[in-house]
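Peer 1: Residue numbers (this note's numbering), protein chains in the order written: chain V, 1 to 432; chain S, 433 to 864. We put the CB at the ideal spot given by N, CA and C, even for glycine.
1) Can you tell me which of S:520, S:733, S:585, S:550 puts its alpha carbon nearest to the alpha carbon of residue 14 of chain V?
2) Cβ closer than 7 Å: which chain V residues qualify as neighbours of residue 507 of chain S?
3) Does any C-beta atom of chain V lie closer than 8 Å to the C-beta of residue 566 of chain S?
4) For residue 626 of chain S, count the other beta carbons within 10 Å of its own beta carbon; 16 or more makes it buried, fewer makes it exposed. Which is it?
5) Check the C-beta distance from residue 731 of chain S over to residue 133 of chain V and give it rounded, since I have them as a contact under 8 Å.
6) Measure the alpha-carbon distance for residue 516 of chain S versus residue 776 of chain S and round it to whole angstroms.
7) What residues from the segment 665-684 of chain S come within 8 Å of chain V, judged by C-beta to C-beta, listed N to C?
8) In whole angstroms, what is the alpha-carbon distance linking residue 859 of chain S and residue 114 of chain V?
9) Could you have a look at residue 70 of chain V and say whether DSSP puts it in helix, strand or coil?
10) I'd like to know whether the C-beta atoms of residue 283 of chain V and residue 40 of chain V end up nearer to each other than 8 Å.
11) Less than 8 Å between the CB atoms is what I'm expecting for residue 415 of chain V and residue 337 of chain V, so what's the real figure, rounded?
12) Report the partner residues of residue 840 of chain S according to the DSSP bridge assignment.
13) Output, in sequence order along the chain, the residues in the segment 594-608 of chain S whose CB is closer than 8 Å to any CB in chain V.
14) Anyone know if the C-beta pair for residue 500 of chain S and residue 842 of chain S falls short of 8 Å?
15) Using 8 Å as the limit for Cβ to Cβ distance, is residue 840 of chain S near chain V?
16) Within 10 angstroms of the Cβ of residue 38 of chain V, are there 16 or more other Cβ atoms? Answer buried if so, exposed if not.
17) By DSSP's criteria, residue 360 of chain V is part of a beta bridge. Which residues make up the other side?
18) List, in order along the chain, the chain V residues whose C-beta lies closer than 9 Å to that of residue 472 of chain S?
19) Are residue 197 of chain V and residue 168 of chain V touching if we call contact CB-CB under 8 Å?
20) As a quick exercise: from V:218, V:231, V:170, V:18, pick the residue whose alpha carbon is nearest that of residue 456 of chain S.
21) To the nearest angstrom, how far is the alpha carbon of residue 857 of chain S from that of residue 816 of chain S?
22) Answer yes or no: do residue 306 of chain V and residue 735 of chain S have a C-beta to C-beta separation smaller than 8 Å?
23) Okay, do the segment 648-657 of chain S and the segment 509-524 of chain S touch, 3+ Cβ pairs below 8 Å being the bar?
24) Taking residue 636 of chain S as part of the beta strand (DSSP E), name the residues at either end of that continuous run.
25) Residues of chain V with a CB under 7 Å from the CB of residue 451 of chain S: which are they?
26) Quick one: using the 10 Å Cβ neighbour count with 16 as the cut-off for buried, is residue 250 of chain V buried or exposed?
27) Could you confirm whether any beta carbon from chain S is found closer than 8 Å to the beta carbon of residue 179 of chain V?
28) Run through DSSP, which three-state label would residue 142 of chain V get?
29) Grab me the residues of residue 513 of chain S's own chain with a C-beta within less than 6 Å of its C-beta, minus the 5 sequence neighbours each way, in chain order.
30) In chain V, which residues lie with their C-beta within 7 Å of the C-beta of residue 461 of chain S?
31) For a quick check, are the C-beta atoms of residue 833 of chain S and residue 802 of chain S less than 8 Å apart?
32) Using DSSP with H/G/I as helix, E/B as strand and the rest coil, what is residue 559 of chain S?
33) Cβ closer than 7 Å: which chain V residues qualify as neighbours of residue 529 of chain S?
34) Could one say the Cβ of residue 67 of chain V lies closer than 8 Å to chain S's Cβ atoms, at least one of them?
35) Please determine, among V:294, V:108, V:372, V:407, the residue with the shortest C-alpha to C-alpha distance to residue 98 of chain V.
36) Report the partner residues of residue 721 of chain S according to the DSSP bridge assignment.
If you want it as structure tokens, here you go:
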């Protein structure tokens with residue numbers, strides 16, 4: 001501390017002591033805003049710690065988080081892109097990038113990720129965010145007030161449930177079937193909410209390679225959903241985090257493309273196609289909506305340095321082949337995991353093999369509880385979350401108990417062993 | 433769009449057309465959340481555009497935004513730091529960094545920026561954010577609910593006013609004098625608010641190299657302020673964005689250091705000491721408060737890649753000399769600007785030369801209005817904001833009219849010319 005005389009130093013110490021005494025009498029929790037009270041911290045990646053306190057018999061294999069393959073990170077490509085991004089005579093890469101983010105990157109995102117639109121959306125359809133999670137937070141800020149209702153699939157991404165709750169919003173769930181969100185349940189929910197005098201303001205869905213179930217919404221269901229939402233005047237927020245990781249010749253069109261760009265907001269991200277540590281995602285919507293959310297952006301925007309690095313990486317021609325390569329990596333891991341689990345798992349669970357994405361969802365047979373399998377899995381040396389955390393109500397709500405296996409990050413060498421440990425965990429729980 | 437048959441394609445086009453027709457009947461603004469209605473977009477850097485529509489007689493010199501010197505950006509140092517950050521065998525730099533951010537960077541921030549504490553705060557006192565603006569947003573999320581009151585200096589940083597309003601919070605202003613926030617007015621404000629049944633929850637201040645006035649709070653005032661706040665049980669949020677840019681041998685201690693770390697939250701940033709485009713800042717508080725704000729973090733954290741790059745840059749030994757060098761750069765620019773303005777400006781304004789930071793605040797003589805001088809300045813070829821935008825009520829509230837000149841970004845070669853243009857603008861307005 002800057003001091004001029006010993007007296008001053010003593011006086012300042014006395015000030016600090018008096019302040020401490022005053023604040024010691026007060027509980028910090030008493031100062032927490034009402035809106036945060038009752039909310040919990042944590043993200044899906046925290047699930048990996050859910051076994052703490054339980055002893056594992058070997059170094060655990062993690063199948064916990066939706067994280068890209070560790071061995072395939074394009075570190076050198078990103079570094080070269082950063083060199084090019086910084087190699088400009090002006091200070092552009094290191095000055096505020098504005099609330100929307102670097103325009104050429106937004107334009108590239110339109111061309112690559114929204115290429116299924118009849119007319120490719122321009123840069124003015126996008127705002128760049130801290131990942132898809134940041135985009136979902138922005139969409140909530142734009143459209144929702146406390147007490148509003150969002151309708152979502154149950155189960156769904158737990159991080160989004162936290163975000164909606166953080167905005168003081170209730171999440172009403174509808175189930176999925178093999179074609180995606182059940183529209184009969186959706187219509188009934190909307191009618192019921194309206195009868196109760198509550199207006200649902202948003203339908204949140206993960207139509208493609210759904211987290212956690214892996215289900216992909218059929219084309220017919222997509223068309224029916226966007227029409228239903230347009231009829232009801234309710235916006236759709238589609239989470240497309242896993243969209244580009246398809247194991248079939250093509251991925252289905254986004255809801256935004258099916259709807260012709262109206263009434264649908266799309267959250268997307270570079271997290272799953274490159275790395276979660278980039279923390280760059282976007283919200284896509286019609287320009288009038290993008291403009292309406294600018295007053296809700298208080299953080300002076302994201303890093304234009306990262307935006308320019310990503311733009312350089314995209315236009316260098318390295319990005320598309322990287323994604324293509326990753327599709328093969330994940331498809332192979334899924335195939336290995338499914339082969340390990342299919343026949344041997346028959347007594348314990350069933351699953352539908354997804355057509356893309358990061359997750360395999362095991363629907364447990366009667367009597368097996370997800371939390372028990374999770375705990376036994378940790379003892380066997382495999383980390384994965386139980387299904388219940390993905391439900392708005394925190395219970396399976398009529399669905400069978402389940403566990404979610406993320407095969408994306410687990411090394412190819414560990415996949416089969418991970419699957420064997422899941423089987424051993426199930427056998428142990430089933431055996432009582 | 434993925435299509436299988438011409439019929440399907442036609443059907444999908446019909447779906448999109450029907451959706452568009454439905455949404456065309458609805459005004460997007462009708463869907464904006466109540467909390468965003470009436471708020472405006474924009475940041476301080478937008479001030480540079482405030483002259484649009486007015487014709488400038490020469491290419492303008494910008495003295496608009498609080499942006500570091502363009503010529504001194506450590507691009508090569510950052511690039512080398514990025515190389516080192518990526519040169520690790522694991523995937524750490526590119527995986528989610530957690531809600532708090534990269535721990536070694538938080539520890540370094542404690543050592544460098546919070547070095548004036550009797551005991552250096554550890555990593556658990558910090559959460560990393562999108563710049564100081566992101567930290568202020570987090571502090572508001574932690575402590576404030578709609579209808580609460582924040583007390584702030586008037587004038588103050590306009591971006592923070594926007595943030596508080598975005599949280600539905602009223603900002604009550606107290607004036608500054610040459611020693612900083614006036615505590616007589618502060619006490620009266622608190623008493624008056626309590627008499628009206630309204631509890632002020634937070635005191636927001638920029639004690640060091642204040643934006644926009646350049647005032648630095650005296651040590652005695654610091655001690656009195658933290659004691660007053662402790663007595664009243666009101667937290668202080670200090671914005672230290674400019675703290676390290678001192679032109680004197682040392683900077684004054686932070687309020688947090690004076691208060692012994694209790695009752696004070698400190699927003700800090702790398703924006704002004706390196707570059708605004710990094711978008712990395714932090715909130716410092718006692719660990720119990722940091723923990724209480726985690727439930728309000730919905731964006732899965734910031735980029736650990738940038739955190740690691742900054743950490744490498746700090747520990748390389750390049751950071752401290754860079755900041756030292758920048759102090760000299762800004763001190764020289766301020767001296768040149770002040771020399772240009774001091775005598776010649778006498779008929780039009782007065783100013784107190786700040787001891788650090790980016791801004792010179794010109795208090796205009798009777799009859800000169802800031803908006804007129806701004807407009808005339810643009811015509812002369814100088815861009816700078818009027819003072820009124822920095823007041824919670826949007827008017828000088830008893831203070832003289834003013835304009836703010838940012839000398840940080842303007843090239844050394846342009847500084848004197850910029851000052852001359854400001855003088856010409858004043859002369860033109862004064863001349864009627």
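Peer 2: On the basis of the coordinates in this document:
1) S:550
2) 86
3) yes
4) exposed
5) 5 Å
6) Approximately 51 Å, taken between the alpha carbons.
7) 665, 667, 682, 683, 684
8) Distance between the alpha carbons of residue 859 of chain S and residue 114 of chain V: 54 Å.
9) helix
10) no
11) 5 Å
12) Bridge partners of residue 840 of chain S: none, in fact.
13) For the segment 594-608 of chain S, the set of positions with a beta-carbon nearer than 8 Å to some beta-carbon of chain V reads 594, 595, 598 in chain order.
14) no
15) no
16) exposed
17) Residue pairing by DSSP places residue 360 of chain V opposite V:405 in a beta bridge.
18) The answer, in chain order, is 294, 295.
19) no
20) V:231
21) 11 Å
22) yes
23) no
24) 632-637
25) Here the neighbours are 226, 227, 230, 259, 260, 262, 263.
26) exposed
27) no
28) helix
29) 741, 744, 745
30) Simply 292.
31) Yes.
32) strand
33) 277
34) yes
35) V:294
36) Answer by DSSP bridge pairing: none, since residue 721 of chain S is not bridged.
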